[in-house]
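To start, the structure under review is shown below, and the notes come after it.
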Amino acid sequence: MVFFDVTIGGAPAGRIVMELFAKDVPKTAENFRALCTGEKGIGKSGEPLHYKGSAFHRVIPDFVIQGGDFTRGNGTGGESIYGGKFSDENFIRKHIKPGMVSMANAGPDTNGSNFFICTVPCALLDGKHVVFGEVVEGMDVLKNIEKVGSRSGMCAKSVIIADIGQL
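So the working numbering is basically just the index in the sequence shown, starting at one, shifted up by 85.
What follows is the structure in structure tokens.
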């Protein structure tokens, strides 16, 4: 289990706790786990390999909240613990309910550090994005994040991952 402590507009918003599916997608789950601890140090980009201080840069109510780009902050950057992008492991798990955590990508086999959390079932994403975890605590925090999002994905207030860790 890993967690994010989140702020919205600079104010504490609560904790999101996620269980990772390490048995189904070990490489993907390990990438996310390590980025939640910061244990891998500095990446090839020269940036620290962790989510602390990064933003949820895309929030679309009744769809997804997306984050994980700690190099550019807009979804075009980021880096995996493996040094760049890595392949899709499999698509065993599906986007069947709110709270599923999945890799955001730019097409097949382009996983890095960008991820999203579904706020509704998202079957249209099945077979395109690797599901590697689910939210087990903090769905109320997700709902509050959604409130500052928009159809375009732009946020009315900054949504920051203020702290990270493993439980």
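All residues carry an ideal CB built from backbone N, CA and C; glycine is no exception. Please read these numbers as outputs of a predicted model, since none were measured by experiment.
Give me, in chain order, the residues of the same chain whose beta-carbon lies closer than 7 Å to that of residue i; leave out the 5 immediate sequence neighbours on both sides.
i           : result
residue 145 : 234, 236, 238
residue 174 : 110, 112, 113, 215
residue 248 : 90, 137
residue 211 : 176, 179, 180
residue 92  : 98, 245, 247
Since residue i and residue j are thought to touch, with beta carbons under 8 Å apart, how far apart are those beta carbons, to the nearest angstrom?
i           : j           : result
residue 186 : residue 219 : 6 Å
residue 164 : residue 130 : 5 Å
residue 252 : residue 86  : 4 Å
residue 169 : residue 224 : With 8 Å as the limit, residue 169 and residue 224 do not qualify as a contact, their Cβ atoms being about 33 Å apart.
In or out: residue i buried (at least 16 other Cβ within 10 Å) or exposed?
i           : result
residue 243 : exposed
residue 154 : buried
residue 143 : buried
Apart from the five residues just before and just after residue i, which ones in its own chain have a Cβ nearer than 6 Å to its Cβ?
i           : result
residue 125 : 119, 134, 166
So, with DSSP's three-state summary, where would you put residue i?
i           : result
residue 221 : strand
residue 159 : coil
Query raised in the report: Do the stretch 181 to 192 and the stretch 230 to 238 touch if we need at least three Cβ pairs shorter than 8 Å?
Result: No contact exists between the stretch 181 to 192 and the stretch 230 to 238.
Query raised in the report: Do the stretch 147 to 166 and the stretch 198 to 207 meet, that is, are 3 or more Cβ pairs less than 8 Å apart?
Result: yes
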